[in-house]
Amino acid sequence: MTATRIVEVVAGVIRDARGRVLLTRRTEGRDLAGLWEFPGGKREPGESPEAALVRELEEELGIHVRIGAPLIRVPQRYPHKRLQLDVRHVDDWQGAPRAREQQAMAWVPMDKLSRYSMPPADLPVVAALRQPDRYLVTPTPGEDDASWLAGLDAALAGGIRRVQLRAPGIDGERWKRLAGAAVRRCRKAKVDVLINGDPALAEALGVGAHLTAAALMSSKRRPLPADMPLAASCHGLEELRHAQAIGCDFVVLGAVRPTASHPGAEGIGWARFAELREHVSMPIYAIGGLGPDDLVEARGYGAQGIAAIRGLWPPGA
Ligand SMILES: Nc1nc2c([nH]c(=O)n2[C@H]2C[C@H](O)[C@@H](COP(=O)(O)OP(=O)(O)OP(=O)(O)O)O2)c(=O)[nH]1
Numbered sequence: 001m002t003a004t005r006i007v008e009v010v011a012g013v014i015r016d017a018r019g020r021v022l023l024t025r026r027t028e029g030r031d032l033a034g035l036w037e038f039p040g041g042k043r044e045p046g047e048s049p050e051a052a053l054v055r056e057l058e059e060e061l062g063i064h065v066r067i068g069a070p071l072i073r074v075p076q077r078y079p080h081k082r083l084q085l086d087v088r089h090v091d092d093w094q095g096a097p098r099a100r101e102q103q104a105m106a107w108v109p110m111d112k113l114s115r116y117s118m119p120p121a122d123l124p125v126v127a128a129l130r131q132p133d134r135y136l137v138t139p140t141p142g143e144d145d146a147s148w149l150a151g152l153d154a155a156l157a158g159g160i161r162r163v164q165l166r167a168p169g170i171d172g173e174r175w176k177r178l179a180g181a182a183v184r185r186c187r188k189a190k191v192d193v194l195i196n197g198d199p200a201l202a203e204a205l206g207v208g209a210h211l212t213a214a215a216l217m218s219s220k221r222r223p224l225p226a227d228m229p230l231a232a233s234c235h236g237l238e239e240l241r242h243a244q245a246i247g248c249d250f251v252v253l254g255a256v257r258p259t260a261s262h263p264g265a266e267g268i269g270w271a272r273f274a275e276l277r278e279h280v281s282m283p284i285y286a287i288g289g290l291g292p293d294d295l296v297e298a299r300g301y302g303a304q305g306i307a308a309i310r311g312l313w314p315p316g317a
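Position 164 (the sequence shown) corresponds to 164 in full-length UniProt numbering; numbering is contiguous.
Shown next, in the form of structure tokens:
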């Protein structure tokens with residue numbers, strides 16, 4: 001790990017009344033020229049992130065903004081520097097945005113953001129705007145399949161939008177039936193669903209696949225068609241890099257804290273999570289002893305959000 005200085009950048013998500021987001025294009029002769037980005041810029045020494053963003057948006061766009069909630073802070077390693085991209089929502093502004101530095105500008109509908117080429121650090125930002133912040137991993141069903149399905153229904157009713165169906169130890173035929181029933185429920189609720197550890201079953205059911213770390217490392221290429229979601233579990237840098245190389249749409253990284261399912265194993269902690277996150281630009285859910293109360297902290301270390309079994313399964317289900 002080199003001790004390259006970290007460049008601190010703050011950028012804003014400016015949305016118009018139709019929900020479109022303002023992107024600006026980096027001008028020729030600068031680093032990452034031609035790519036689209038969220039307007040903003042570098043913090044000056046001693047300047048707060050908020051003050052830096054107000055100043056940058058005044059200079060670049062001629063607007064005076066009211067800054068809202070933090071969205072995500074992305075640590076990202078580029079060939080010649082390390083970046084910390086701190087992205088804030090902009091709640092309101094005065095003036096009409098105009099390109100004061102000859103940069104191109106575009107108001108982009110949320111579902112078209114991925115058509116604009118952006119620097120690697122912006123991919124987790126777009127994912128934080130568009131994709132779920134919680135990834136439920138199902139617990140292994142007990143004797144009673146109906147109560148497990150009722151637990152899933154309660155989780156969906158509680159706002160879960162992305163689910164990994166996982167049930168180690170449940171036999172093949174029973175799991176096929178149960179996974180099929182769970183997939184129907186998730187489809188009806190328009191919720192993303194991925195099956196753990198069995199790409200063939202995922203393909204048969206027409207849903208995404210979630211690879212174990214071992215399956216990830218033995219996959220030389222993407223084991224599913226490009227239009228089916230692919231995710232994987234990672235514990236370190238080699239796995240993260242491989243997941244990105246074979247085209248995983250997102251991954252889970254941890255354990256951040258010690259968990260009940262791995263007693264005695266120490267968590268990697270948030271600082272290490274962020275350090276690993278710097279090297280890739282897929283959305284990464286943090287896992288390991290986490291729950292909804294950890295979401296804000298997770299976003300501060302560049303996580304898409306949290307993944308959990310116990311932390312997201314409805315209490316009492
Ligand atoms: N404003 C902004 N900068 C971004 C985004 N994504 C991203 O990687 N960056 C990088 C590009 C630049 O390296 C740095 C922002 O610096 P800047 O725009 O104030 O600086 P600059 O062009 O004068 O300097 P340089 O990058 O050429 O060194 O952050 C983004 O969404 N918005």
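Ideal Cβ positions, reconstructed from N, Cα and C, are used throughout, including at glycine. Predicted model, so just to flag it, every value in this text is computed and none were measured.
Practice problem: Answer yes or no: do Arg100 and Glu60 have a C-beta to C-beta separation smaller than 8 Å? | Solution: Contact: yes.
Quiz item: Nearest CA to the CA of Gly316: which residue from Asp91, Leu23 and Asp153?
Solution: Restricting attention to Asp91, Leu23 and Asp153, the CA atom closest to the CA of Gly316 is found in Asp153.
Self-check item: Gln84 classed as buried or exposed, judged by whether at least 16 other C-beta atoms fall within 10 angstroms
Solution: Around the C-beta of Gln84, 16 or more other C-beta atoms lie within 10 Å, and the residue is accordingly described as buried.
Quiz item: Using a threshold of 7 Å, is the CB atom of Pro39 nearer than that to any non-hydrogen atom of ligand 1?
Solution: True, at least one ligand heavy atom lies under 7 Å from that Cβ.
Exercise. Might you give, ordered along the chain, the residues of its own chain that have their beta carbon closer than 6 Å to the beta carbon of Arg162, omitting 5 neighbours on each side?
Key: Closer than 6 Å at the Cβ level, and outside the excluded window around Arg162, lie Pro132, Tyr135 and Asp192.
Quiz item: How many angstroms separate the CA atom of Asp31 from the CA atom of Arg185?
Solution: Cα to Cα, the separation comes out at about 47 Å.
Self-check item: Endpoints, alpha helix (DSSP H) assigned at Phe273
Solution: If you look at Phe273, you'll find it in the alpha helix (DSSP H) that goes Gly269 to Arg277.
Self-check item: Cutoff 7 Å; reference Met1; Cβ partners in own chain excluding five residues on either side
Solution: Here Met1 scores only 49 on pLDDT, less than 50, and its place in the model should not be relied on; the value that follows carries that caveat. Nothing meets the Cβ criterion.
Quiz item: Tell me which same chain residues have a C-beta within less than 6 Å of the C-beta of Met105, skipping the five on either side of it?
Solution: Contacts found: Thr24 and Ala99.
Practice problem: Closer than 6 Å by C-beta to Asn196: which residues in its own chain qualify, once you throw out the five before and the five after it? Chain order, please. | Solution: Same-chain partners within the cutoff: Gln164, Arg166 and His210.
Exercise. Kindly indicate which residue of Thr212, Leu156, Ala213 and Pro70 has the alpha-carbon position closest to the one of Ala189.
Key: Ala189 has its Cα closest to that of Leu156, out of Thr212, Leu156, Ala213 and Pro70.
Self-check item: For Leu113, three-class secondary structure by DSSP
Solution: It is helical.
Exercise. For the UniProt domain "Nudix hydrolase" (4–131), list the alpha helix (DSSP H) runs that are entirely contained and at least 4 residues long, ordered along the chain.
Key: Listed in chain order, they are 49–61 and 123–130.
Quiz item: Hey, would you say Val10 sits closer than 8 Å to Lys81, going by beta carbons?
Solution: For Val10 and Lys81, no; Cβs fall outside 8 Å.
Practice problem: Select from Gly300, Gly311 and Gln304 the residue whose C-alpha is nearest the C-alpha of Val251. | Solution: When only C-alpha atoms are compared, the closest one is Gln304.
Quiz prompt | Per-residue DSSP class, three states only, for Cys248 | solution = In the structure shown, Cys248 sits in coil (DSSP, three-state: anything other than H, G, I, E or B).
Exercise. Verify whether the separation of the beta carbon atoms of Arg88 and Gly62 is less than 8 Å.
Key: Using a Cβ distance threshold of 8 Å, Arg88 and Gly62 do not count as a contacting pair.
Quiz item: Where does Leu152 sit, in a helix, a strand or coil, going by DSSP?
Solution: Note: Leu152 maps to helix in three-state DSSP.
Practice problem: Confirm, please, whether the CB-CB distance from Val108 to Gly12 is below 8 Å. | Solution: It is not a contact, given that the beta carbons lie outside the stated cut-off.
Quiz item: Thinking C-beta only, is Met110 closer than 8 Å to Leu123?
Solution: The answer is no: Cβ separation not under 8 Å.
Quiz item: Should Ala307 be labelled buried (16 or more other beta-carbon atoms within 10 Å of its own) or exposed?
Solution: In this structure Ala307 is buried. Its beta-carbon is surrounded by 16 or more other beta-carbon atoms within 10 angstroms.
Quiz item: Quick check: the segment 70–81 against the segment 265–280, are there 3 or more CB pairs under 8 Å?
Solution: Yes, the segment 70–81 is in contact with the segment 265–280.
Quiz item: Grouping DSSP H, G and I as helix and E and B as strand, with all else coil, what is Gln144?
Solution: Just to set this straight, residue 144 is Asp in the shown sequence, not Gln. Assigned with DSSP and collapsed to three states, Asp144 falls in coil, not helix or strand.
Practice problem: Would you mind stating whether Pro141 and Leu35 have Cβ atoms separated by less than 8 Å? | Solution: Going by beta carbons, Pro141 and Leu35 fall outside the 8 Å limit.
Quiz prompt | Helix, strand or coil at His242 [DSSP, three-state] | solution = The three-state reading of DSSP puts His242 in helix, counting H, G and I together.
Practice problem: For Gly172, name the three-state secondary structure that DSSP assigns. | Solution: DSSP places Gly172 in helix when its eight states are reduced to three.
Self-check item: Residue range of the alpha helix (DSSP H) that includes Ala202
Solution: Taken as a continuous stretch (DSSP letters only), the alpha helix (DSSP H) holding Ala202 covers Pro199 to Leu205.
Self-check item: Whole-angstrom distance between Leu53 and Arg248, CA atom to CA atom
Solution: The question names Arg, but residue 248 is Cys in the sequence shown. Their Cα atoms are separated by approximately 33 Å.
Quiz item: Heavy atom of ligand 1 less than 7 Å from the Cβ of Val9, yes or no?
Solution: Distances from the CB of Val9 to the heavy atoms of ligand 1 include at least one below 7 Å.
Quiz item: In chain order, what residues of the same chain lie with their CB nearer than 8 Å to the CB of Thr212, ignoring the 5 residues before and after it?
Solution: Counting only Cβ-Cβ distances below 8 Å, and skipping sequence neighbours, we find Asn196, Gly197, Ala232 and Ser233.
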